[in-house]
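If you use this note's numbering, the sequence shown corresponds to residues 1 to 202, in order.
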Amino acid sequence: MKTIGLIGKPSRDKSYLMLYLGKLLAVGDHVIIVTDNQWFMPNLDSYEYSDQLHICKEISMNEAVDYTIIDVTSVSKTKYDIALYVSGIDRSTVEANVEMFLGSEEADEKVTIFQNVLLDGKINENYLCQRFGISPKSHKVKTLYLNDNDMAVNIENDYDETLDIRGLSKIYKKLLLELAGTCSQKSLKELKQNMRTAERSR
C-alpha cells in the first residue's frame, strides 16, 4: 500500500483535486480517501463511491488497499510515501501553507501544486516558489491556472453529488495524469486508458 499525503489548507479546489485523483487511481486499484473536509457527500462519515473507491474520516486498518490518500490540513510529522503539497494563492492560504509545508515531514517523493494561479498576475509560480523556499530545479512544481470551466465542473459536481471529470480542461486532466504517474508508476499509455474509463463513469 502507498500512502499519499495531500498537504495544505482545506479548500473546495483541494478537495476536488483529491477526489479526482482518487477516482483515476481507482481504475484497477483499491483506493481509500481519508478526509474531514468533505465537499462530496459532506454529511456521511463513510461513503462508498464505487467498489474501488471509498471516502471516510478515519483510516481503516482492516481493508486491503493499494493507495490511501490522506487529506493533511495541519503540520504533520507522519512520513508519507508521496507528499503532494497543494496551495491556492490567496494570502491567508499561502501564509498557512508556508508553515505547514516547511513543518511537515519529508516524503520519498514530493510534488508542489499551485492552484488557481492568475495567468498574467504578479502572484505567479516564481513568486510562490520564493515564498515557499522551493527550487523548481530540484523539486517538482505543477501550476494549475485559474480556469472558469474547471470551476464550473467543481460546482456542478457539488450540486449533483457526482465526480464527473469529463468536462475538466485538458490542462487539469494533464495534471491528474502526471500526479497519477507519480503515485502509481504506471505507463502514460495505461493511465490515458484509465482516464477514459474514469470519464465514462460519474
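Ideal Cβ positions, reconstructed from N, Cα and C, are used throughout, including at glycine.
Hey, how far is the Cα of residue i from the Cα of residue j?
| i | j | result |
| --- | --- | --- |
| SER169 | LYS192 | 15 Å |
| THR68 | SER46 | 14 Å |
| THR93 | LYS77 | 20 Å |
| GLU106 | ARG131 | 18 Å |
| PRO10 | ASN37 | 7 Å |
| VAL65 | GLN52 | 9 Å |
| MET151 | ARG12 | 10 Å |
| SER184 | LEU118 | 30 Å |
| ASP158 | PRO42 | 10 Å |
| ALA96 | LEU24 | 29 Å |
| VAL27 | PHE114 | 26 Å |
| ARG1 | THR182 | Note on residue identity: the sequence assigns Met, not Arg, to residue 1. If I take the Cα positions, the gap works out to 14 Å. |
| SER138 | LYS110 | 11 Å |
| LYS186 | ALA180 | 8 Å |
| ASP120 | PRO136 | 20 Å |
| ILE82 | MET18 | 13 Å |
| ASP148 | ASP108 | 34 Å |
| CYS56 | LEU44 | 8 Å |
| HIS30 | ARG91 | 36 Å |
Do residue j and residue i come within 7 Å of each other at the CB atom, strictly closer than that value?
| i | j | result |
| --- | --- | --- |
| TYR16 | ASN154 | yes |
| TYR85 | THR3 | no |
| ARG202 | ASP164 | yes |
| LEU146 | ASN116 | yes |
| GLY8 | LYS14 | yes |
| LEU175 | LEU144 | yes |
Please name the residue, chosen from the options, that lies closest to residue i on a Cα-to-Cα basis.
| i | options | result |
| --- | --- | --- |
| THR73 | SER104, TYR172, ASP90 and ASP51 | SER104 |
| ILE59 | VAL34, GLU190, LYS14 and LYS110 | VAL34 |
| LEU102 | ILE134, ILE89 and GLN115 | ILE134 |
| VAL141 | CYS129, ASP108 and ASN147 | CYS129 |
| GLY167 | PRO136, GLU156, LEU175 and PRO42 | GLU156 |
| THR112 | GLY28, SER87 and ALA180 | SER87 |
Excluding five sequence neighbours on each side, which residues of the same chain lie with their C-beta closer than 6 Å to the C-beta of residue i?
| i | result |
| --- | --- |
| ILE123 | ILE89 |
| HIS54 | ILE32 and GLU48 |
| ILE70 | GLY5 and VAL34 |
| TYR172 | ASP150 |
Please list, in chain order, all residues of the same chain as residue i whose beta carbon is under 8 Å from its beta carbon, the five residues on each side excluded.
| i | result |
| --- | --- |
| GLU203 | Any question about residue 203 goes unanswered here, given that the chain covers just 1 to 202. |
| LEU188 | LEU177 and GLY181 |
Within its chain, find whatever has a CB closer than 7 Å to the CB of residue i; leave out the 5 residues flanking it on each side and keep chain order.
| i | result |
| --- | --- |
| SER50 | ALA26 |
| GLU199 | ILE165 and ARG166 |
| ASN194 | LEU24, VAL27 and GLY28 |
Please give me, in chain order, every unbroken run of the beta strand (DSSP E) with length at least 3 that falls completely inside the stretch 18 to 65.
Counting only runs of 3+ residues, the beta strand (DSSP E) found wholly inside the stretch 18 to 65 occupies 31 to 34, 46 to 48 and 53 to 56, in chain order.
Considering only residues of the stretch 110 to 194, which uninterrupted alpha helix (DSSP H) runs meet the minimum length of 4 residues and lie entirely inside it, listed in chain order?
Inside the stretch 110 to 194, DSSP marks whole alpha helix (DSSP H) runs of 4 or more residues at positions 125 to 132, 148 to 160 and 170 to 184, from first to last along the chain.
Which complete beta strand (DSSP E) runs does the stretch 65 to 100 hold, if anything under 3 residues is left out?
List check, beta strand (DSSP E) in window: 67 to 72 and 82 to 87.
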